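In what follows, a structure is listed as structure tokens, so that the remarks can point back to it.
In full-length UniProt numbering, the protein residues as written are 1 to 471.
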């Protein structure tokens, strides 16, 4: 096999690049106290992230805006959206009850799409103009957020403001992310500086930590040294450390640390050489890692790495098992397509279960933006002579084939210009097969590969060098 046809971001998850070991990555700590200390999380005193100036747009977002949250043609609820003082958190609440429904971090947002770029908003095109509509797209499996602003100006305010904040969030270095992660202060409902167990549960939910309630309660009670039923100051630090403790990481740390509290510069060099298989410039690299990931100023001054800094390093790009040199394409890409592993998707159109789940063009958008190069399209006869896409003989929803092809034309080559393979599972009648073929030609145009580039009868499959084409 010659190579992989996949975007670098498609590669396996992070872990420790260590011989004979694998330490699975976890989200980086949101803040880390001084080694051995009891600092209160800096998020209690929100500060603007580096690179952000409080513009008129952001000030309007902080004042809040009433918009419609949309889930279907019949479900359109008014919600009050507000950017928090830290400029990294947005919460929204019901207009009717005033109850806060949810909050999310800017760092969880992948992009913002303007106009009718979701099926739900497309279904409302006659009722609401595209200038007032936009979609917030999240990383991972979290569902998108379709919103309709009251005016075009309000929509543009939020679209431009969110894009500005997303750009800042993605450019933050590790230390800035620590300081600016969404504050736990918004979980402190009564603002008394203490957090009871219900408030801690709310915090865990906001942090996307899925933890057994009994286990969370045990950690809470162990940290509650005052036995007051609440956490404050040093108690919250203890709870946080218990929450983020990793036995396998701690074991690895203890193996190289003589005193069990820190890694000296030489001990870190030993780790880099023996476990990470770094060969050149290890002392300089160790100094760089300490300066970048050690949260304690005292430890940094002593050229030492605490357990907290060690965990942060392992969860960073520098600690990734993926070789960064392989981000640049170096393989021979002139072989026939069948000589390669190809990043593929199955039931691409499904974003939920395959029996009753929702079929959506969002599945295709997400796959293409991740660099997927082979998409499955299950085609069936639809009403009014229009082919449809769904999981046949099930209760999944249906989407027009035309919309799938339009989505392909728009997103196919944003993440990669390597060719896209359409795996058409064709269940259509002859009449609708003709419609299907015509829609492919009309919508994709020159992007659709219908013949060899040299006009000759092919003796083998084309190579990935047929860039920017689909077939």
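C-beta atoms are modelled at their ideal positions from N, C-alpha and C, and glycine is treated no differently. Computed from a prediction, not measured in an experiment: that's the story for all the values here.
Under DSSP, residue 380 forms a beta bridge with 388. Under the criterion of beta carbons closer than 8 Å, residue 196 and residue 233 do not qualify as touching, at roughly 15 Å. Less than 7 Å divides the Cβ of residue 161 from the Cβ of residue 61.
Residue 139 is classed as exposed because its beta carbon has fewer than 16 other beta carbons within 10 Å across all chains shown. Residue environment analysis places residue 458 among the exposed positions, since fewer than 16 neighbouring C-beta atoms fall within 10 angstroms of its C-beta. With fewer than 16 neighbouring CB atoms inside 10 Å of its own CB, residue 97 falls in the exposed class. Residue 400 is bridged by DSSP to 388. Secondary structure note for residue 81: it is in no alpha helix (DSSP H), and the uninterrupted beta strand (DSSP E) holding it is 76–83. Going by DSSP, residue 73 is part of no alpha helix (DSSP H) at all; its letter is neither H nor E. If the five residues before and after residue 337 are omitted, its C-beta is found closer than 6 Å to the C-beta atoms of 461, all from its own chain and listed in chain order. In the three-state scheme derived from DSSP, where H, G and I count as helix and E and B as strand, residue 359 is classed as strand. Assigned with DSSP and collapsed to three states, residue 66 falls in strand. Assigned with DSSP and collapsed to three states, residue 149 falls in coil, not helix or strand. Residue range 430–444 is occupied by the alpha helix (DSSP H) that includes residue 443. If you look at residue 251, you'll find it in the alpha helix (DSSP H) that goes 247–256. Pairing residue 57 with residue 157 gives a Cβ-Cβ distance under 7 Å. Closest by C-alpha distance to residue 52, out of 76, 86, 75, is 86. By the Cβ neighbour-count rule, residue 224 is buried, with 16 or more other Cβ atoms within 10 Å of its own. Here the C-alpha atom of residue 343 lies approximately 15 Å from the C-alpha atom of residue 365. Residue 91 carries a strand assignment under DSSP once its states are collapsed to helix, strand and coil. In this chain, the alpha helix (DSSP H) harbouring residue 123 covers 119–123. With a threshold of 16 other beta carbon atoms within 10 Å, residue 353 falls short and is exposed. Here residue 380 is buried. Its C-beta has 16 or more other C-beta atoms within 10 Å. The three-state reading of DSSP puts residue 341 in strand, counting E and B together. Secondary structure of residue 264 (DSSP, three-state): coil.
Counting the other CB atoms within 10 Å of its CB gives residue 330 a total below 16, which places it among the exposed residues. The beta carbon of residue 283 sits closer than 6 Å to the beta carbons of 269 from its chain, once the five residues preceding and following it are set aside; these are given in chain order. Counting only residues of its own chain and dropping the five nearest sequence neighbours on each side, residue 348 has a CB closer than 6 Å to the CB of 363, 364, 367, 375, 376.
For residue 138, the uninterrupted beta strand (DSSP E) segment begins and ends at 133–138. In this structure, residue 448 sits near residue 470, with a CB-CB distance shorter than 7 Å. Taking a C-beta distance under 7 Å as the contact criterion, residue 402 and residue 439 qualify as a contact pair. Of the residues 310, 303, 300, the one whose Cα lies closest to the Cα of residue 255 is 310. The region 304–330 contains, as complete alpha helix (DSSP H) runs of 4+ residues, the segments 307–314 (chain order). Collapsing the DSSP output to three states places residue 298 in a helix. If you ignore the 5 residues before and after residue 171, its C-beta comes within less than 8 Å of the C-beta of 51, all in its own chain and listed in chain order.
Minimum Cα-Cα distance from residue 404 among the listed residues 389, 240, 397, 453 corresponds to 389.
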